[in-house]
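Student: For reference, the structure I am asking about is given below.
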Amino acid sequence: MAIKEGDFVRLNFTGKIKETDEVFDTTSEDIAEEAGILVENKVYGPIPIIVGGNHLLKAIDDAIIGTEAGEAVHVSVSPENGFGQRNPNFIQLIPMKEFKKQGMTPVRGMKITADAGTGKIISVNGGRVKVDFNHELAGKNLEYDVSVVEVIEDDEEKIKSMIELHYSYPNMDLDKTEIKIDGDKVSIKLDEITRFDQKSYMDVTFARFRISKDIWDNMDYEKVEFVDEFEKKVEEPAEEEAEE
1 MAIKEGDFVR LNFTGKIKET DEVFDTTSED IAEEAGILVE NKVYGPIPII VGGNHLLKAI
61 DDAIIGTEAG EAVHVSVSPE NGFGQRNPNF IQLIPMKEFK KQGMTPVRGM KITADAGTGK
121 IISVNGGRVK VDFNHELAGK NLEYDVSVVE VIEDDEEKIK SMIELHYSYP NMDLDKTEIK
181 IDGDKVSIKL DEITRFDQKS YMDVTFARFR ISKDIWDNMD YEKVEFVDEF EKKVEEPAEE
241 EAEE
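Going by full-length UniProt numbering, the residue at position 107 of the sequence shown is 107; the numbering climbs one at a time, nothing skipped.
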């Protein structure tokens with residue numbers, strides 16, 4: 001069956017910079033290792049997305065619509081349809097004292113987060129630090145090899161796929177995540193191990209919102225609730241030792 005907008009799918013992809021053939025992202029552990037971009041502790045393999053859900057570039061969504069699971073497609077993406085052209089106004093000089101206030105020692109190549117977004121330090125000169133806030137792929141022509149490996153049909157599996165996508169916690173077991181559907185309401189109880197997640201409250205709330213929004217926008221449910229349950233553990237009385 002042809003893939004259409006709104007479908008929940010799992011896909012593999014590898015992205016390269018056209019001019020240099022450099023791999024910058026992939027779902028394949030072998031390709032990542034060969035390209036020298038392997039990320040320790042990252043789980044590689046097909047990723048879940050919603051077609052047209054703004055999870056990947058629109059050009060990729062458009063390319064897989066009309067294809068079928070197992071069919072490979074090659075996608076060429078111009079800067080205009082990718083991460084935009086480079087903007088010289090996004091290169092800023094930041095006083096060294098701003099870094100000292102944060103207890104940071106800026107060095108070339110370091111990535112930082114500031115009001116302007118995420119940037120990369122391109123030079124440190126005296127009392128000023130030059131930071132490039134352009135996206136690293138801005139101005140690049142990109143090539144993607146994409147293959148949908150599965151179309152997800154079951155509603156509970158669709159919901160779990162969005163948890164997998166948005167709630168990145170490597171030790172979470174989706175099989176221990178409980179999904180209950182009652183009419184137009186979805187209740188989600190995550191694997192208990194997520195209680196020990198070190199994410200900030202804001203990050204957890206944002207992840208839950210994104211999961212909920214994808215469910216509202218693409219499934220026939222109006223309400224999503226996350227259940228956090230803590231049960232008092234009652235210790236069993238110690239058995240009396242048998243008399244001799």
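Ideal placement from N, C-alpha and C gives every residue a C-beta, glycine not left out. All of these numbers come straight from a predicted model, not from anything done at the bench.
Relative to the alpha-carbon of V23, which residue among L38, L11, V9 has its alpha-carbon at the smallest distance?
Tutor: The count along the sequence shown starts at 1 and reaches residue 23 at position 23. Checked all of L38, L11, V9; the closest Cα to V23 is L38.
Student: Restricting to Cα atoms, I'd like to know which of A63, R208, R195 is closest to E231.
Tutor: For the purposes of this step, residue 231 is taken as the residue at position 231 of the sequence shown. Answer by Cα proximity: R195.
Student: In this structure, how does DSSP classify L190 when only helix, strand and coil are distinguished?
Tutor: Here residue 190 corresponds to residue number 190 of the sequence shown, with the count starting at 1. Three-state DSSP puts L190 in coil, outside helix and strand.
Student: Please state if the CB of F8 and the CB of H152 are separated by a distance shorter than 7 Å.
Tutor: Residue mapping note: residue 152 aligns to position 152 of the sequence shown, counting from 1. Residue mapping note: residue 8 aligns to position 8 of the sequence shown, counting from 1. It should be noted that the sequence gives Ile, not His, for residue 152. Contact flag set, yes.
Student: Can you name the residues that DSSP bridges to Y144?
Tutor: Residue mapping note: residue 144 aligns to position 144 of the sequence shown, counting from 1. DSSP, once it has assigned bridges, lists G15, V75 as partnering Y144.
Student: Between which residues of its own chain and N171 is the CB-CB distance below 7 Å, once the five residues before and five after are set aside?
Tutor: Translated into positions along the sequence shown, residue 171 becomes position 171. Within the same chain, N171 has close Cβ partners I193.
Student: Does the pairing of the region 107 to 124 with the region 175 to 191 give three or more beta-carbon distances under 8 Å?
Tutor: At 8 Å Cβ cutoff, the stretches do not touch.
Student: Could you tell me if L11 is buried or exposed, where buried requires 16 or more neighbouring beta carbons within 10 angstroms of its beta carbon?
Tutor: By 1-based counting over the sequence shown, the position of residue 11 is 11. Label assigned to L11: buried.
Student: Suppose the cutoff is 7 Å on Cβ atoms and the five residues either side in sequence are ignored; what does the same chain contact list for S212 look like?
Tutor: For the purposes of this step, residue 212 is taken as residue 212 along the sequence shown, with counting starting at 1. Excluding residues within five positions, the ones whose Cβ falls inside 7 Å are V224.
Student: Are the CB atoms of I188 and F226 nearer to each other than 7 Å?
Tutor: If you number the sequence shown from 1, residue 188 lands on position 188. If you number the sequence shown from 1, residue 226 lands on position 226. Their beta carbons are under 7 Å apart, which means I188 touches F226 by this criterion.
Student: For L165, count the other beta carbons within 10 Å of its own beta carbon; 16 or more makes it buried, fewer makes it exposed. Which is it?
Tutor: To locate residue 165, count along the sequence shown from 1; it is residue 165. Result: buried.
Student: Just to check my reading of the structure: D214 and I50 have Cβ atoms closer than 8 Å, yes? What is that Cβ distance to the nearest angstrom?
Tutor: As a first step, residue 214 is located in the sequence shown; it is residue number 214 there, counting from the start. As a first step, residue 50 is located in the sequence shown; it is residue number 50 there, counting from the start. Yes, D214 and I50 are in contact; Cβ-Cβ is about 6 Å, under 8 Å.
Student: Would you identify the three-state DSSP class for P88, choosing helix, strand or coil?
Tutor: The sequence position of residue 88 within the sequence shown is 88, counting from 1. Reduced to three states, the DSSP call for P88 is helix.
Student: Could you give the C-beta distance for K140 and G82, rounded to a whole number, given that I count them as a contact under 8 Å?
Tutor: In the sequence shown, residue 140 corresponds to position 140, counting from 1. In the sequence shown, residue 82 corresponds to position 82, counting from 1. Contact holds; Cβ gap of about 7 Å.
Student: For residue 269, count the other beta carbons within 10 Å of its own beta carbon; 16 or more makes it buried, fewer makes it exposed. Which is it?
Tutor: One cannot answer for residue 269 here, as it falls past the ends of the chain, which runs 1 to 244.
Student: Name the two residues that bound the continuous alpha helix (DSSP H) containing F209.
Tutor: Here residue 209 corresponds to residue number 209 of the sequence shown, with the count starting at 1. F209 -> alpha helix (DSSP H) spans 201 to 218.
Student: Relative to the alpha-carbon of S78, which residue among D228, E19, V43 has its alpha-carbon at the smallest distance?
Tutor: Translated into positions along the sequence shown, residue 78 becomes position 78. Minimum Cα distance to S78 is reached at E19.
Student: Which term fits Y144, buried or exposed, when burial requires 16 or more other beta carbons within 10 angstroms of its beta carbon?
Tutor: As a first step, residue 144 must be located in the sequence shown, where it is residue number 144. The residue is buried, with at least 16 neighbouring Cβ atoms inside 10 Å.
Student: When the Cα of A138 is compared with those of R86, I3, L56, S76, which residue comes out closest?
Tutor: As a first step, residue 138 must be located in the sequence shown, where it is residue number 138. Considering only alpha carbons, the answer is R86.
Student: Can you give me the start and stop residues for the alpha helix (DSSP H) that A63 sits inside?
Tutor: Walking along the sequence shown from the start, residue 63 turns up at place 63. Run containing A63: 58 to 64, per the alpha helix (DSSP H) assignment.
Student: With H, G and I counted as helix, E and B as strand and the rest as coil, what does DSSP make of N54?
Tutor: Here residue 54 refers to the residue found at position 54 of the sequence shown. Reduced to three states, the DSSP call for N54 is coil.
Student: Please state whether DSSP places D155 in a helix, a strand or coil.
Tutor: On the sequence shown, residue 155 is found 155 positions in, with the first residue counted as 1. Three-state DSSP puts D155 in a helix.
Student: Just checking my contact of E71 with S147 at CB under 8 Å: how many whole Å lie between their CB atoms?
Tutor: Working through the sequence shown from its first residue, we reach residue 71 at position 71. Working through the sequence shown from its first residue, we reach residue 147 at position 147. Confirmed, about 7 Å.
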